[in-house]
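Report on the following structure.
In full-length UniProt numbering, the protein residues as written are 1 to 301.
See the structure below:
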């Protein structure tokens, strides 16, 4: 006996309703998911716009901390340190990283290249038009922080020749500078001044001060040019901004700047300033980025 029966209109209508219902359920679910996803995306965009000012403030504070305590980029506009650092007319102005940790626990040593704030008695080597409004001031600050803007007029870069308590003099019978009677070994000198105009001193450097000179001896208004001032041409250790450690621009001149032992008799056994301080800004950047990233992951995860 056959169990099959003829399908009637009721069966067809029921099947039609089921089919129609099945077709309706899929789009509704899909559209619902799309709507929820779109709502989440719009919420994220709105939250990001609200948080953008906070992120900018955090980035500015981190940049300020790095610039103040760790590392600062400097643009070299003058030729007084030629050819160690380019800044002459027709040359590409070097950008250098000036690191500050080397002088946290010790003073600059002979042979170091330092950036410092010059005394009031020093004539600026470059002229810089200072901004007249807050926006230009902020742009100049950021430009100087990353080394794309000229430094302040009273910022200088020179090499340390003698430190507190030492007596510097030029010249011996071979035309060399002497410190405490010992001639210096200065392989970096470029275009020295004629012997007849080279002499100065003797000058005894006061404690807490430095005698500094440019490598381009015939084009550097350094300590020699200010012997008659109240500081005898010296600069204060406290006015040193940091140690020039790396040439970062142009890429063709990328190199670490060494500190030659120009006074082997006086500084024998002194530990070299480690270039590992160049990683300090990276560590600080990570320290700042990790909590911000973790916070964002908790918020949007």
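Quick reminder that beta carbons are idealized off the backbone N, C-alpha and C, glycines included.
Practice task
With a cut-off of 8 Å on the beta carbons, I'd call residue 263 and residue 182 a contact; round off their distance for me.
Solution key: Here residue 263 corresponds to residue number 263 of the chain shown, with the count starting at 1. Here residue 182 corresponds to residue number 182 of the chain shown, with the count starting at 1. At roughly 7 Å, the Cβ-Cβ gap stays under 8 Å, so residue 263 and residue 182 are in contact.
Exercise for the section: Output yes or no for whether 7 Å exceeds the beta carbon distance between residue 240 and residue 114. Expected result: The residue labelled residue 240 in the question sits at position 240 within the chain shown. The residue labelled residue 114 in the question sits at position 114 within the chain shown. Contact: yes.
Exercise for the section: Please classify residue 254: is it buried, with 16 or more other beta-carbons within 10 angstroms of its beta-carbon, or exposed? Expected result: Numbered from 1 along the chain shown, position 254 holds the residue referred to as residue 254. With fewer than 16 other Cβ atoms within 10 Å, it is exposed.
Problem - Proximity to residue 191 [Cα-Cα], best of 171, 199, 218 - result: If you number the chain shown from 1, residue 191 lands on position 191. When only C-alpha atoms are compared, the closest one is 218.
Handout entry: Straight-line Cα distance separating residue 65 from residue 103
Key = On the chain shown, residue 103 is found 103 positions in, with the first residue counted as 1. On the chain shown, residue 65 is found 65 positions in, with the first residue counted as 1. Looking at the two C-alpha atoms, the distance is approximately 17 Å.
Handout entry: Test item: CB-CB of residue 78 and residue 125 under 7 Å
Key = On the chain shown, residue 78 is found 78 positions in, with the first residue counted as 1. On the chain shown, residue 125 is found 125 positions in, with the first residue counted as 1. In this structure, residue 125 lies closer than 7 Å to residue 78 by Cβ.
Exercise for the section: May I have the straight-line CA-CA distance separating residue 184 from residue 90, to the nearest angstrom? Expected result: Counting from 1 along the chain shown, the entry for residue 184 is found at position 184. Counting from 1 along the chain shown, the entry for residue 90 is found at position 90. If I take the Cα positions, the gap works out to 31 Å.
Problem - Nearest residue (CA-CA) to residue 180, options 172, 50, 63 - result: Within the chain shown, numbered from 1, the residue matching residue 180 stands at position 180. When each option's Cα is compared against that of residue 180, the closest is 172.
Handout entry: Beta-bridge pairing of residue 76 - partner residues as DSSP gives them
Key = Counted from its first residue, the chain shown places residue 76 at position 76. DSSP output for residue 76 lists no bridge partner at all.
Exercise for the section: Using 10 angstroms around the beta-carbon of residue 230, count the other beta-carbons present and answer buried if the total reaches 16, otherwise exposed. Expected result: Taking the first residue of the chain shown as position 1, residue 230 is located at position 230. That one is exposed.
Handout entry: Beta-carbon proximity of residue 233 to residue 81, cut-off 7 Å
Key = Here residue 233 refers to the residue found at position 233 of the chain shown. Here residue 81 refers to the residue found at position 81 of the chain shown. Cβ atoms of residue 233 and residue 81: not closer than 7 Å.
Practice task
Go through its chain and collect everything with a Cβ distance to residue 178's Cβ below 8 Å, but skip five positions before and after it.
Solution key: Looking up residue 178 in the chain shown gives position 178. Excluding positions up to five away in sequence, the list reads 168, 169, 170, 171, 172, 184.
Exercise for the section: Can you say whether residue 26 is buried or exposed, counting buried as having 16 or more other CB atoms within 10 angstroms of its CB? Expected result: Position 26 of the chain shown, counted from the first residue, corresponds to residue 26. Any reading at residue 26 must be qualified, since the residue scores a pLDDT of 46, below 50, and its modelled position is unreliable; no value is offered.
Handout entry: CA nearest to the CA of residue 119, picked from 261, 209, 243
Key = Position 119 of the chain shown, counted from the start, is the residue given in the question as residue 119. Closest by alpha carbon: 209.
Problem - residue 170 - partner residues in DSSP beta bridges - result: For this step, residue 170 is matched to residue 170 along the chain shown. Residue 170 pairs with 177, 200.
Problem - Helix, strand or coil at residue 161 according to DSSP, with G and I counted as helix - result: In the chain shown, residue 161 corresponds to position 161, counting from 1. In this structure, residue 161 counts as strand in the three-state DSSP scheme.
Exercise for the section: Buried or exposed for residue 96, please, with buried defined as at least 16 other CB atoms from any protein chain shown within 10 angstroms of its CB. Expected result: Here residue 96 refers to the residue found at position 96 when the chain shown is read from its first residue. When all chains shown are included, residue 96 counts as buried.
Problem - Buried/exposed call for residue 244, threshold 16 Cβ in 10 Å - result: Position 244 of the chain shown holds residue 244. Counting Cβ neighbours within 10 Å, residue 244 comes out buried, since at least 16 surround it.
Problem - Proximity below 7 Å, CB of residue 164 to CB of residue 205 - result: Stepping through the chain shown from its first residue, residue 164 is reached at position 164. Stepping through the chain shown from its first residue, residue 205 is reached at position 205. In this structure, residue 205 lies closer than 7 Å to residue 164 by Cβ.
Problem - Backbone secondary structure at residue 134 - three-state DSSP - result: Position 134 of the chain shown, counted from the start, is the residue given in the question as residue 134. Helix, per DSSP.
Handout entry: Nearest residue (CA-CA) to residue 211, options 70, 61, 56, 159
Key = What you label residue 211 is simply residue 211 of the chain shown in a count that begins at 1. Among 70, 61, 56, 159, the Cα nearest to that of residue 211 belongs to 159.
Problem - Start-to-end residues for the beta strand (DSSP E) that takes in residue 117 - result: Stepping through the chain shown from its first residue, residue 117 is reached at position 117. 113-117 is the extent of the beta strand (DSSP E) around residue 117.
Practice task
State the beta-bridge partners of residue 256 as determined by DSSP.
Solution key: Numbered from its first residue, the chain shown carries residue 256 at position 256. The partner list for residue 256 (beta bridge, DSSP) reads 246.
Exercise for the section: Reducing DSSP to helix, strand and coil, say where residue 238 ends up. Expected result: Here residue 238 corresponds to residue number 238 of the chain shown, with the count starting at 1. The answer is helix: DSSP assigns residue 238 an H, G or I state.
Handout entry: Collapsed DSSP secondary structure at residue 227 in the structure displayed
Key = Numbered from its first residue, the chain shown carries residue 227 at position 227. Correct three-state label for residue 227: coil.
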